[in-house]
Amino acid sequence: MTVHIASRLATLPQPATIAMAARARELRAEGADVISLALGQPDFPSPPEAIEAAYHSAQAGDTGYPPIPGQKALIEAIIRKFRRDNAIEATSDRIMVANGGKQVIFNAFMATLEIGDEVIVPAPYWVSYPLIARMLGGVPVEISCAEEDRFRPRAEVIKAAITPKTRWIVLNFPNNPTGAILEKEDLEAIAGVLREAPHVLVMCDEIYEHLTFDGRRHLSLLSVAPDLADRILIVNGVAKAYAMTGWRVGFACGPKTLISAMVAVQGNVTSGVCTLAQAGSVAALDGDFSRIEVMRQTYETRRNRVVAVLRAIAGVTCEMPEGAFYAYPGIASLIGGVSGGGRVLTDDVAFAEALLDEAHVATVPGSAFGYSPYLRLSCAASDAQLDEACERISRFVEKIRPA
Ligand SMILES: Cc1ncc(COP(=O)(O)O)c(C=O)c1O
Numbered sequence: 001m002t003v004h005i006a007s008r009l010a011t012l013p014q015p016a017t018i019a020m021a022a023r024a025r026e027l028r029a030e031g032a033d034v035i036s037l038a039l040g041q042p043d044f045p046s047p048p049e050a051i052e053a054a055y056h057s058a059q060a061g062d063t064g065y066p067p068i069p070g071q072k073a074l075i076e077a078i079i080r081k082f083r084r085d086n087a088i089e090a091t092s093d094r095i096m097v098a099n100g101g102k103q104v105i106f107n108a109f110m111a112t113l114e115i116g117d118e119v120i121v122p123a124p125y126w127v128s129y130p131l132i133a134r135m136l137g138g139v140p141v142e143i144s145c146a147e148e149d150r151f152r153p154r155a156e157v158i159k160a161a162i163t164p165k166t167r168w169i170v171l172n173f174p175n176n177p178t179g180a181i182l183e184k185e186d187l188e189a190i191a192g193v194l195r196e197a198p199h200v201l202v203m204c205d206e207i208y209e210h211l212t213f214d215g216r217r218h219l220s221l222l223s224v225a226p227d228l229a230d231r232i233l234i235v236n237g238v239a240k241a242y243a244m245t246g247w248r249v250g251f252a253c254g255p256k257t258l259i260s261a262m263v264a265v266q267g268n269v270t271s272g273v274c275t276l277a278q279a280g281s282v283a284a285l286d287g288d289f290s291r292i293e294v295m296r297q298t299y300e301t302r303r304n305r306v307v308a309v310l311r312a313i314a315g316v317t318c319e320m321p322e323g324a325f326y327a328y329p330g331i332a333s334l335i336g337g338v339s340g341g342g343r344v345l346t347d348d349v350a351f352a353e354a355l356l357d358e359a360h361v362a363t364v365p366g367s368a369f370g371y372s373p374y375l376r377l378s379c380a381a382s383d384a385q386l387d388e389a390c391e392r393i394s395r396f397v398e399k400i401r402p403a
């Protein structure tokens, strides 16, 4: 018997980030020395206080089903976090804990999207927003954030994309993959557009908020436009800033009715989040902030190093990322050439595949993020790996010849 796969999955490709990582694993299994810069996975250990707290909570017998919205201690730590980091006063009925930021997004779209509802997604975007929206019957509407605008969306472009069917706009800043940050004026202009469109909800994915460079600070739309509180959903989590990707703890702050609908979704899908991971997350959020600062500085130093080398490669452009831990070099003038291995580099997918197969560097093509021709390189790798990867990219590019 052929298993029937639901039609809602028909448009669901495998995220390119995962596909590139899988191809890199295959090559490694064949003995190749592959450097993978494909995944957004911090290369630091989780905070020791989080590990201790998880261990103690297991020993103390905190191993039963947790409340679906999240454990009281974690919800209180999240309220403290919003007060401390974002100057936002939240109450417990505006907070929920989920299995990663990803499940927050799923819960929110599942709770609100009718078939055909539009979700405005500024490109370049993190791969999951359009995929989750589409899986749930939504229609992603992509708008472009040009490199000349430092990859920030223009308020007038957002305004032009809003229709009566718009349910959400997604704002992910600091951005994955570009590292772009929104400044106060950007947020004020966007808030102005949103005030004229009271049917639109705003998803602010702030998971990279602590990873900002050159003295810049992340500003939350909610702190700039508190009058929009009944329409803003903040997505955050411990994965990136605290190097806790595997703990699977994300959280949301949003309007009460939305949060309770999202809790209802989660209650029927995964129930509450692992108790031990929640205990660890309390310790992380309340823990030693200097650990984050060390990681932030390391990412900034790596960014400087990687961008300097990339900019020195003829045919490669690279905007300076303002946050997160990726570089997003442009390769427009190399498209159409022929690689040293004889492949025609028709687009950034062909480029990334040839780079992986011929130079053994795994990256993710910009098309995965809705914005080509670019590559995303994760700087969550050691200096030695980054230097070697850049060297290989440089040699790969040198061998490219016109078709
Ligand atoms: C912008 C953005 N939001 C959310 C997530 C998901 O985070 P989590 O691991 O908490 O599900 C990621 C992970 O790559 C991300 O890059």
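For the sequence shown, UniProt numbering assigns the number 403 to the last residue and increments by one with no breaks. The beta carbon of each residue, even a glycine, is placed where N, CA and C say it ideally should be.
Asked: Whole beta strand (DSSP E) runs in the stretch 235–314 with 3 or more residues, listed along the chain?; Found: 250–253
Asked: At what residues does the beta strand (DSSP E) containing Cys204 begin and finish?; Found: 201–205
Asked: Between the stretch 154–171 and the stretch 308–322, do three or more beta carbon pairs fall short of 8 Å?; Found: no
Asked: For Thr301, tell me which candidate among Ala284, Met320, Gly287, Phe289 has the shortest Cα-Cα distance.; Found: Met320
Asked: When every heavy atom of ligand 2 is checked, does at least one fall within less than 8 Å of the C-beta of Ile18?; Found: Among the ligands in the structure shown, ligand 2 does not appear; only ligand 1 can be found there.
Asked: How about Ile143 and Ile158: do their beta carbons lie closer than 9 Å?; Found: yes
Asked: Between which two residues does the alpha helix (DSSP H) holding Met110 run?; Found: 100–112
Asked: Look at Ile78 and Cys204 and say whether their C-beta atoms are less than 9 Å apart.; Found: no
Asked: Is the beta carbon of residue 404 less than 9 Å from the beta carbon of Val193?; Found: The displayed coordinates of the chain run from 1 to 403. Any statement about residue 404 would go beyond what the structure contains.
Asked: Answer yes if the stretch 255–266 comes into contact with the stretch 291–299, meaning at least three C-beta pairs across the two stretches below 8 Å, and no otherwise.; Found: no
Asked: Tell me whether the beta-carbon of Met110 lies closer than 9 Å to the beta-carbon of Thr11.; Found: no
Asked: If you run the structure through DSSP and keep just helix, strand and coil, what is Ser46?; Found: coil
Asked: Roughly how far, in whole angstroms, is the beta-carbon of Val141 from the beta-carbon of Glu114, given that I think they are within contact range, below 8 Å?; Found: Not confirmed; about 15 Å, so no contact.
Asked: Cβ of Val249 versus every heavy atom of ligand 1: is any distance shorter than 8 Å?; Found: yes
Asked: Helix, strand or coil: which one does DSSP assign to residue 418?; Found: No answer is possible for residue 418: the residues shown for the chain start at 1 and end at 403.
Asked: From Pro174, Ala22, Ile35, pick the residue whose C-alpha is nearest to that of Gln385; which is it?; Found: Ile35
Asked: Does at least one heavy atom of ligand 1 sit under 8 Å from the Cβ of Gln103?; Found: yes
Asked: Is it the case that the CB of Ile207 approaches a heavy atom of ligand 1 more closely than 8 Å?; Found: yes
Asked: What residues in its chain sit with their C-beta under 6 Å from that of Val97, if we drop five residues either side in the sequence?; Found: Gly70, Leu74, Phe251, Val273
Asked: Quick one, are the C-beta atoms of Ser378 and Ala22 less than 9 Å apart?; Found: no
Asked: Output yes or no for whether 9 Å exceeds the beta carbon distance between Tyr299 and Pro177.; Found: no
Asked: Is the beta carbon of Ile393 closer than 9 Å to that of Ser339?; Found: no
Asked: Buried or exposed: Ile207, going by 16 or more other Cβ atoms within 10 Å of its Cβ?; Found: buried
Asked: Have a look at Gly137, Ser220, Ala58, Phe213 and flag the residue whose alpha-carbon is nearest the alpha-carbon of Leu187.; Found: Ser220
Asked: Please return the same chain residues whose Cβ sits closer than 7 Å to the Cβ of Ala352, not counting the five positions on each side in sequence.; Found: Met20, Thr363, Val364, Pro365, Leu375
Asked: Output the distance between the C-alpha atoms of Phe173 and Lys81, rounded to the nearest integer angstrom.; Found: 18 Å
Asked: Under the rule that 16 or more other beta-carbon atoms within 10 Å means buried, what is Val309, buried or exposed?; Found: buried
Asked: Does the Cβ-Cβ distance between Gly138 and Gly237 come in under 9 Å?; Found: no
Asked: For Thr166, which residues does DSSP report across the bridge?; Found: Glu118
Asked: Could you check where the alpha helix (DSSP H) with Cys9 kicks off and where it finishes?; Found: Strictly speaking, residue 9 in this sequence is Leu, with Cys absent from that position. Looking at the DSSP string, Leu9 is not in any alpha helix (DSSP H), and its letter there is neither H nor E.
Asked: Let me check understanding here. Comparing Cα to Cα, which of Thr212, Ile259, Ala50 lies closest to Gly246?; Found: Ala50
Asked: Is Ala354 closer than 9 Å to Leu345 when the C-beta atoms are compared?; Found: yes
Asked: Which value, in whole angstroms, describes the spacing of the CA atoms of Asp357 and Ile181?; Found: 33 Å
Asked: Verify the CB distance criterion: does Arg94 have a CB-CB separation below 9 Å to chain C?; Found: Considering every chain present, this structure includes no chain C. It has just one protein chain.
Asked: Can you tell me the Cβ-Cβ gap for Gly179 and Gly323, rounded? I've got them flagged as a contact below 8 Å.; Found: 5 Å
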